[in-house]
Amino acid sequence: MSLPKHVRLVEVGPRDGLQNEAQPISVADKVRLVDDLTEAGLAYIEVGSFVSPKWVPQMAGSAEVFAGIHQRPGVTYAALAPNLRGFEDALAAGVKEVAVFAAASEAFSQRNINCSISDSLKRFEPIMEAARNHGVRVRGYVSCVLGCPYEGKVSAEQVAPVARALHDMGCYEVSLGDTIGTGTAGATRRLFEVVAAQVPREQLAGHFHDTYGQALANVYASLLEGISVFDSSVAGLGGCPYAKGATGNIASEDVVYLLQGLGIETGIDLDRLIAAGRRISSVLGRDNGSRVARARSAQ
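Mapped onto UniProt numbering, the consecutive letters of the sequence shown carry residue numbers 1 to 299.
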């Protein structure tokens, strides 16, 4: 299969990237990050999450962030809305696209959201109905698609029915997430081969963490399977608060560098993206997780 000519990046840094940080992050810093990413040419930015601050403190103030950012026409500014209350809050904040998430692992589902996979999917039904009524698009996530911190290996056959369920209930796109970053290129190719038998490839995306240093290899493997949408996080921010040891998402800068080298269009200004990553890394007082950004700094 030939490589795609264009790839869309879903920038999850402001949500998935910041949700696991220990220190408080101001609304102003979150707004600046989103605006920096907009200026860098990202066409899809996951801005925040409408979930109880009791469970994810860093996502407090998501409505204020949406009110403060400069929204550019043609750019999607999305939010996670795991339940109907979250959806209603997102709608009140003017959000036009939301995301819901399920797990491919029963143990992870229980630890993460205290219910079975089947029950989690049922919880989305009122969200999907409300979204249809209000013209809001819904994107789906499936976590632990290549491994679980509690169950170990997860088979592609476990993932496919969950992805199919999200697709059938109305998710226009389903992102498959290697939450703990244990996946390899071979396993990634088989994952998409199996899932694509139930959900069209053009409606699938890849979401890779770099715990074992395999994320870029997994992106390339996905490209070979015809996947052209990838979630990534500026400066490699992120992790999973419910998956001990999981490191950051694949860095957006590193993905863009890979894609540019393959002659694949993204519409993203790499220099501005690197600057955005450096700024938020400085705010957080942490090392930049992008290898490309670190290499550019050393030149």
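Beta carbons: idealized from backbone N, C-alpha and C, even for Gly. Source: prediction; values computed, not measured.
Subject >> Three-state secondary structure assigned by DSSP to I280 >> reply: Residue state, collapsed to three classes: helix.
Subject >> Among Q299, A298, G277, nearest to V12 - alpha-carbon criterion >> reply: Taking V12 as reference, the option from Q299, A298, G277 with the minimal CA-CA separation is G277.
Original post:
Along the chain, where does the beta strand (DSSP E) that runs through F101 open and close?
Top reply: Residues 97-103.
Original post:
Which value, in whole angstroms, describes the spacing of the CA atoms of A28 and R279?
Top reply: Distance between the alpha carbons of A28 and R279 is about 13 Å.
**OP:** Evaluate the contact criterion for the segment 124-132 versus the segment 189-207: three or more CB pairs, one atom per stretch, below 8 Å.
**Re:** No, because fewer than three Cβ pairs between the segment 124-132 and the segment 189-207 fall closer than 8 Å, the two stretches do not touch.
Original post:
Using DSSP with H/G/I as helix, E/B as strand and the rest coil, what is T188?
Top reply: If DSSP states are grouped into helix, strand and coil, T188 belongs with the helices.
Original post:
Can you tell me the Cα-Cα spacing of R72 and L33, whole angstroms?
Top reply: Each residue's Cα considered, the two are about 14 Å apart.
Original post:
Do the CB positions of S252 and L284 come within less than 8 Å of each other?
Top reply: At the C-beta level, S252 and L284 stay beyond 8 Å of one another.
Original post:
Just the Cα atoms here: how many angstroms apart are A93 and F66?
Top reply: Using only the alpha carbons, I get a separation of about 7 Å.
**OP:** Report all residues from its chain with a CB closer than 8 Å to the CB of A107; omit the five preceding and five following residues, and keep chain order.
**Re:** Cβ within range, chain order: C148, Y150, E151.
**OP:** Assuming H209 contacts G186 (C-beta within less than 8 Å), just tell me the rounded distance between them.
**Re:** Actually they do not touch by this definition, with Cβ atoms about 17 Å apart.
Original post:
Looking at the unbroken alpha helix (DSSP H) that takes in G140, where does it start and where does it end?
Top reply: Unbroken run through G140 is the beta strand (DSSP E), 137-143; no alpha helix (DSSP H).
Subject >> the segment 96-107 contacting the segment 136-146, beta-carbon criterion three pairs below 8 Å >> reply: Yes: the two stretches touch, three or more of their Cβ pairs being nearer than 8 Å.
Subject >> Continuous beta strand (DSSP E) assignments of at least 3 residues falling wholly in the segment 41-124 >> reply: Counting only runs of 3 or more, we get 44-49, 76-80, 97-103.
Original post:
At which residues does the beta strand (DSSP E) containing H207 begin and terminate?
Top reply: Unbroken beta strand (DSSP E) run through H207: 204-208.
**OP:** Give a yes or no on whether the C-beta atoms belonging to A79 and E46 are separated by under 8 Å.
**Re:** Note that the C-beta distance between A79 and E46 is below 8 Å.
**OP:** Buried or exposed for D254, please, with buried defined as at least 16 other CB atoms from any protein chain shown within 10 angstroms of its CB.
**Re:** Looking at its Cβ environment, which holds 16 or more other Cβ atoms inside 10 Å, D254 is buried.
Original post:
So what does DSSP say about D231, is it helix, strand or coil?
Top reply: When secondary structure is reduced to three states using DSSP, D231 falls in the strand class.
Original post:
Which two residues bound the contiguous beta strand (DSSP E) that contains L176?
Top reply: Per DSSP, L176 belongs to the beta strand (DSSP E) from 173-178.
**OP:** Please name the residue in Q110, L9, W55, F50 whose C-alpha comes closest to that of A90.
**Re:** Checked all of Q110, L9, W55, F50; the closest Cα to A90 is F50.
**OP:** Could you tell me if G289 is buried or exposed, where buried requires 16 or more neighbouring beta carbons within 10 angstroms of its beta carbon?
**Re:** Buried, because 16 or more other Cβ atoms sit within 10 Å of the Cβ of G289.
Original post:
Where do the N-terminal and C-terminal ends of the beta strand (DSSP E) with E11 fall, by residue?
Top reply: Per DSSP, E11 belongs to the beta strand (DSSP E) from 8-11.
Original post:
So A295 is in the alpha helix (DSSP H); what residue range does that whole segment cover?
Top reply: First-last of the alpha helix (DSSP H) with A295: 291-298.
Original post:
How is A197 classed by DSSP in three states: helix, strand or coil?
Top reply: DSSP places A197 in coil when its eight states are reduced to three.
Subject >> C-alpha distance - R296 paired with L176, whole-angstrom precision >> reply: Taking C-alpha positions only, R296 is separated from L176 by approximately 31 Å.
**OP:** Consult DSSP for A251 and reduce its assignment to one of helix, strand or coil.
**Re:** DSSP places A251 in strand when its eight states are reduced to three.
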